[in-house]
Amino acid sequence: MKRFTSLIVAGLVGLTLVSGTAFAGREIKLLMEAVPDTFIIKDLLPEFEKETGIKVKFEIVNYAQMHAKLLPQLISSEGSYDAIVVDNYWAGEFPAAGWLVPLDEYVEKTPAIDISAYLPSMLDMVGYWRGKLYMLPFYNYAMSLIYRTDMMEDPELQAEYQAQYGEPLSISRSVEDYVKLCKFMTREYKGKKIYGSSMQGLKPDPIVMEWSNYLFSLGGDYYNEKWHPIINNEAGVKAVKLYGENIAKGAPPGSPGYGFDEAYHMVAEGNAFSYITYNWMLPELNDVEKSKVAGKVDIEPMPGGIGLNGGWGWAIPNSSPDKEAAWKFISWVESFPIAKRRALIGGSPTRYDVFTSYDVVKKYPWYPKVMWIVGTAKPVPEFLYSTQMIEVVGRELSLAVGGKDPQAAMDDATKELEELAKRAGLYVK
Amino acid sequence: MQGEISIQSWKKYRRQIGYTFITPALIVLLSFILYPLLFAFIMSFSTYTFVHPQFDRFVGLKNYTSSFHDKYFWNSLLVTFKFSALVVPLEFCLGLTIALFLNREIKFKNIFYAIVIIPLVMSPVAVGLIWRMFLHPELGIANYLLSMIKLPPVNWLGSPKVAFFTVIMVDIWHQVSFMILLLLSGLMSLPKEPFEAATVDGATRIQQFVYITLPLLEPVIAVALLIRTIFAFRTFDLIYVMTRGGPGVSTDVFSYYIYRATFMGLNLAEASALSYILLIIVMVFVMFLFRIIRRAQ
């Protein structure tokens, strides 16, 4: 018996030495969203587990479930998740509530992590909060314009556009031109009904995300520097009017009820000319197994120049049962070699060195353009009540699409946004 | 004397045994039902939030009254009342019709049972997602089927006027099975003698239904209506998956309003107060319904 025990002890010591780490035998759990980037990492996990001895468990759920699942874990003294991924909608809420561990000291101790490699727009959005680093950027979903090249290059459509508007058919450079183009492209085309834009009018986040592109590109914003809401100014109301006009005349009739999936399928089935969406949709739509328009779509920045920035960051909650092992995982997954491999498999980069890597650009020639899109895009305001702000604006936009006066809708939203800024302690008189 | 003592101690022993058996169930009941109810009740008078989870300030009825000035609070109540008032009677009528049909000697009864049970075992989230696909105005099967019989396409979830009735239609599809099973079990347990006597006396099938079936089925009908009313007032999953309360606020039910106060407003105290408002409304409504049924009986 004694000999047997000695053998087991020797075996365990040997195993620890082989794995070369003090983490052997530990297990960490992460709550992840069911998106391509998650599954790319999941496939690489055996390498991390072999290297460190840490077993990683992913709990993968849909986006709609994540926030409600996270909150009870974040407020408890010891939660279920060692590390989490944070959408930029929550990137102000979680640090403001004191739920996340600052990562500055961890980064200082870890040479594999080079903060300067990240795009500033990503670090501002899902990295720093009030001067402290709480997250490391995970992936970006900056929004852009994806459109059908076959329709743009069609000589008949070009001639018709020239005759109708007295100018050549080209990619729109302003929101007004984009709405005009979408109305023009809504037609019977090669025996099929085509809509100018596949739009997602479901409230709250799908409509707010899409509309924010109109708002930012028209020079508008949610709040000014004193945290006074300004969405009811000229640019805000114009954004609502143009959005409403496009959804009524340039988009499928069901658009006010479309979420991401419905809008995506309209494009993938070849029923829409364009789609203001996440930049990582381009390879999906160019995949012959998933899309009927593969090889006929390309990407451009949002007409007007400023799209909505979006992204996720890695974070360690204060309630994490094993912060050291969690950081070990984050520093591995965000190290340059793994970040580059993720990008080559199809992950959405957040770093200069990955975006500009020879191998990555060779495989994805449009990535320099995407880097520009991510670099210039702008996120929604990040503060304690971002999710409620999105709910309020989403409701008013949905009402405006249904017939409410755009000015009245934005005035109503402004009152509630002011209340939220005051409640968060940000409103400056 | 000795015998009496032993009988008494036997009774006492039996009582103790009874308490021993019931204690685990009571502990579970207290922990999972009473404790959260009490916790939420105390919370509803405080400033407890996700950001500041403390009971350090008593605010009286403020959390109960703060939503009264919000027009969307009243809208969500109205939508919930309209929703419940439509789905419960419609599901009852449809459920009773199908239950009466299944209560007869028909072929392939087991296949019908299986079809009826399928929606009941599906989660509301799955139901919502499947129906969203069916009802896609351009790519869904619903409008395709309409086009085959030369009917125009319907904007099922994109029009504020239609979306409310679409959600009602899907809820009926999902929940009518519950009505059918409950009413069918009631119909099957009815005694045969009154029907035989009525047949001998020359009563028609309609007369038998009105004067025998319905009165005998009343207790089951009462239970079915009460349970469905309570569930209808609490409807959340289907709305969350299908419309998120939209377009506009056309399907914004009260449970979704509470959800927003909790997970978007981060205000657990206000959400608890709103939940108690819903509880009170449901209880009042159920008591009112119960009284009507008792009076009718």
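Protein chains in written order, with our numbering: chain A, 49 to 477; chain B, 553 to 849. Glycine is no exception: its CB is placed at the ideal position from the N, C-alpha and C atoms.
Query - Euclidean distance between Cα positions of F483 of chain A and Q727 of chain B - result: This structure leaves residue 483 of chain A out entirely; chain A is present only between 49 and 477.
Query raised in the report: Are any of the Cβ atoms in chain B nearer than 7 Å to that of E337 of chain A?
Result: The residue you call residue 337 of chain A lines up with position 289 of the first sequence. By this cut-off, E337 of chain A is not an interface position.
Query raised in the report: In whole angstroms, what is the alpha-carbon distance linking V174 of chain A and P143 of chain A?
Result: The residue labelled residue 174 of chain A in the question sits at position 126 within the first sequence. The residue labelled residue 143 of chain A in the question sits at position 95 within the first sequence. Near 11 Å, if we compare the C-alpha coordinates of P143 of chain A and V174 of chain A.
Query raised in the report: In whole angstroms, what is the alpha-carbon distance linking A131 of chain A and K90 of chain A?
Result: Taking the first sequence and counting its residues from 1, the one referred to as residue 131 of chain A is at position 83. Taking the first sequence and counting its residues from 1, the one referred to as residue 90 of chain A is at position 42. So the alpha carbons of these two residues sit roughly 15 Å apart.
Requested in this report: For G361 of chain A, write down the residues that DSSP places opposite it in a beta bridge.
Outcome: Taking the first sequence and counting its residues from 1, the one referred to as residue 361 of chain A is at position 313. G361 of chain A pairs with A:V134, A:P185.
Query raised in the report: In chain order, what residues of the same chain lie with their CB nearer than 7 Å to the CB of V155 of chain A, ignoring the 5 residues before and after it?
Result: On the first sequence, residue 155 of chain A is found 107 positions in, with the first residue counted as 1. Excluding positions up to five away in sequence, the list reads I161, I163, L181.
Query - Spatial neighbours of V679 of chain B in its chain, beta-carbon cut-off 6 Å, leaving aside the 5 residues before and after - result: As a position in the second sequence, residue 679 of chain B is number 127, starting the count at 1. The answer, listed in chain order, is H726.
Query raised in the report: Are the Cβ atoms of L736 of chain B and A651 of chain B separated by less than 7 Å?
Result: Taking the second sequence and counting its residues from 1, one reaches residue 736 of chain B at position 184. Taking the second sequence and counting its residues from 1, one reaches residue 651 of chain B at position 99. Cβ distance < 7 Å, so L736 of chain B and A651 of chain B count as in contact.
Query raised in the report: How big is the Cα-Cα spacing for Y326 of chain A and D723 of chain B?
Result: Translated into positions along the first sequence, residue 326 of chain A becomes position 278. Translated into positions along the second sequence, residue 723 of chain B becomes position 171. Using only the alpha carbons, I get a separation of about 33 Å.
**Report entry** Contacts of A715 of chain B in chain E (Cβ-Cβ under 8 Å)
**Finding:** Reference to chain E is not applicable here, since the protein chains of this structure are A and B.
Query raised in the report: Which residues of chain A have a Cβ atom closer than 8 Å to the Cβ of R609 of chain B, listed in chain order?
Result: For the purposes of this step, residue 609 of chain B is identified with residue 57 of the second sequence, where counting begins at 1. Here the premise fails: no neighbours, minimum Cβ distance about 15 Å.
Query raised in the report: So what's R567 of chain B in DSSP terms, helix, strand or just coil?
Result: To locate residue 567 of chain B, count along the second sequence from 1; it is residue 15. Three-state DSSP puts R567 of chain B in a helix.
Query raised in the report: Ordered along the chain, which non-local residues of its own chain (more than five positions away) have a Cβ less than 7 Å from that of D407 of chain A?
Result: In the first sequence, counting from the first residue as 1, residue 407 of chain A sits at position 359. Answer for D407 of chain A: L392, listed in chain order.
Query raised in the report: To which residues of the same chain is L777 of chain B closer than 7 Å at the C-beta, ignoring the five residues directly before and after it?
Result: The residue given as residue 777 of chain B occupies position 225 in the second sequence. Same-chain partners within the cutoff: V640, F644, L841.
Query raised in the report: So what does DSSP say about P397 of chain A, is it helix, strand or coil?
Result: In the first sequence, residue 397 of chain A corresponds to position 349, counting from 1. Of the three classes helix, strand and coil, the one that applies to P397 of chain A here is coil, per DSSP.
**Report entry** Sub-7 Å separation of M80 of chain A and G359 of chain A beta-carbons
**Finding:** Sequence index remark: in the first sequence, residue 80 of chain A carries index 32 (1-based). Sequence index remark: in the first sequence, residue 359 of chain A carries index 311 (1-based). Not closer than 7 Å, so no.
Query raised in the report: Between S619 of chain B and K463 of chain A, what straight-line distance do the alpha-carbon atoms span, to the nearest angstrom?
Result: Numbered from 1 along the second sequence, position 67 holds the residue referred to as residue 619 of chain B. Numbered from 1 along the first sequence, position 415 holds the residue referred to as residue 463 of chain A. Taking the straight line from one Cα to the other gives about 15 Å.
Query - chain B contact for S367 of chain A (CB, 7 Å cutoff) - result: Sequence index remark: in the first sequence, residue 367 of chain A carries index 319 (1-based). No, its Cβ sits nowhere closer than 7 Å to a Cβ of chain B.
Query raised in the report: Under a Cβ-count criterion, where at least 16 other Cβ atoms within 10 Å of its own Cβ denotes burial, should G754 of chain B be classed as buried or exposed?
Result: Against the second sequence, residue 754 of chain B aligns to sequence position 202. The residue in question, G754 of chain B, is exposed, as its Cβ has fewer than 16 Cβ neighbours within 10 Å.
Report task. Using a Cβ cut-off of 7 Å (strictly closer), state whether G680 of chain B contacts chain A. Result -> As a working note, residue 680 of chain B is residue 128 in the second sequence. It does not; no Cβ of chain A falls within 7 Å.
Requested in this report: Hey, could you find the ends of the beta strand (DSSP E) I194 of chain A is sitting in?
Outcome: What you label residue 194 of chain A is simply residue 146 of the first sequence in a count that begins at 1. Counting along the chain, the beta strand (DSSP E) containing I194 of chain A begins and ends at 191 to 196.
Query raised in the report: Name the DSSP bridge partner or partners of L78 of chain A?
Result: Locating residue 78 of chain A in the first sequence gives position 30, counting from the first residue. Per DSSP, A:F106, A:A131.
Query - For Y237 of chain A, the three-state DSSP class (helix, strand or coil) - result: For the purposes of this step, residue 237 of chain A is taken as residue 189 along the first sequence, with counting starting at 1. Residue state, collapsed to three classes: strand.
Query raised in the report: So with Cβ pairs under 7 Å, would you call L65 of chain A a contact of chain B?
Result: The residue labelled residue 65 of chain A in the question sits at position 17 within the first sequence. In this predicted model, L65 of chain A has a pLDDT of only 43, less than 50, meaning its place in the structure is not dependable enough to derive any value.
**Report entry** Distance, R235 of chain A Cα to S213 of chain A Cα
**Finding:** As a first step, residue 213 of chain A must be located in the first sequence, where it is residue number 165. As a first step, residue 235 of chain A must be located in the first sequence, where it is residue number 187. The displayed chain sequence assigns Tyr, not Ser, to residue 213 of chain A. If you take the alpha carbons of Y213 of chain A and R235 of chain A, they lie about 17 Å apart.
**Report entry** Under 7 Å between C-beta atoms of G352 of chain A and V223 of chain A
**Finding:** Here residue 352 of chain A refers to the residue found at position 304 when the first sequence is read from its first residue. Here residue 223 of chain A refers to the residue found at position 175 when the first sequence is read from its first residue. Yes.
Query raised in the report: Under the rule that 16 or more other beta-carbon atoms within 10 Å means buried, what is S446 of chain A, buried or exposed?
Result: Here the question's residue 446 of chain A lines up with position 398 in the first sequence. S446 of chain A comes out buried.
Requested in this report: Look at the Cβ atom of M191 of chain A, then the Cβ atom of V134 of chain A, and state whether they are nearer than 7 Å.
Outcome: Taking the first sequence and counting its residues from 1, the one referred to as residue 191 of chain A is at position 143. Taking the first sequence and counting its residues from 1, the one referred to as residue 134 of chain A is at position 86. In this structure, V134 of chain A does not lie closer than 7 Å to M191 of chain A by Cβ.
**Report entry** Residue burial classification, T197 of chain A (beta-carbon count within 10 angstroms, cutoff 16)
**Finding:** Against the first sequence, residue 197 of chain A aligns to sequence position 149. T197 of chain A should be labelled exposed.
Query - Any chain B beta carbon closer than 7 Å to L447 of chain A - result: Numbered from its first residue, the first sequence carries residue 447 of chain A at position 399. Answer yes: the Cβ-Cβ gap between L447 of chain A and chain B drops below 7 Å somewhere.
Query raised in the report: How many whole angstroms separate the CB atoms of V285 of chain A and P429 of chain A, which I take to be in contact at a CB cut-off of 8 Å?
Result: Here residue 285 of chain A is taken as the residue at index 237 of the first sequence, counted from 1. Here residue 429 of chain A is taken as the residue at index 381 of the first sequence, counted from 1. Not really, about 19 Å apart at Cβ, beyond 8 Å.
**Report entry** Contacting residues, own chain, Cβ-Cβ under 6 Å from I364 of chain A (five flanking each side not counted)
**Finding:** If you number the first sequence from 1, residue 364 of chain A lands on position 316. Counting only Cβ-Cβ distances below 6 Å, and skipping sequence neighbours, we find A131, V149, K371, A374.
Report task. Would you mind reading off the limits of the beta strand (DSSP E) that contains I347 of chain A? Result -> One-based indexing of the first sequence puts residue 347 of chain A at position 299. Start and end: 345 to 348.
Query raised in the report: N319 of chain A versus chain B: which residues are under 7 Å apart at the beta carbon?
Result: Taking the first sequence and counting its residues from 1, the one referred to as residue 319 of chain A is at position 271. Correct list: E690.
Query raised in the report: For the region 100 to 116 of chain A, which residues have a CB atom closer than 8 Å to at least one CB atom of chain B, in sequence order?
Result: A112, H115, A116
Query raised in the report: Do F610 of chain B and L818 of chain B come within 7 Å of each other at the CB atom, strictly closer than that value?
Result: For this step, residue 818 of chain B is matched to residue 266 along the second sequence. For this step, residue 610 of chain B is matched to residue 58 along the second sequence. It is not a contact, given that the beta carbons lie outside the stated cut-off.
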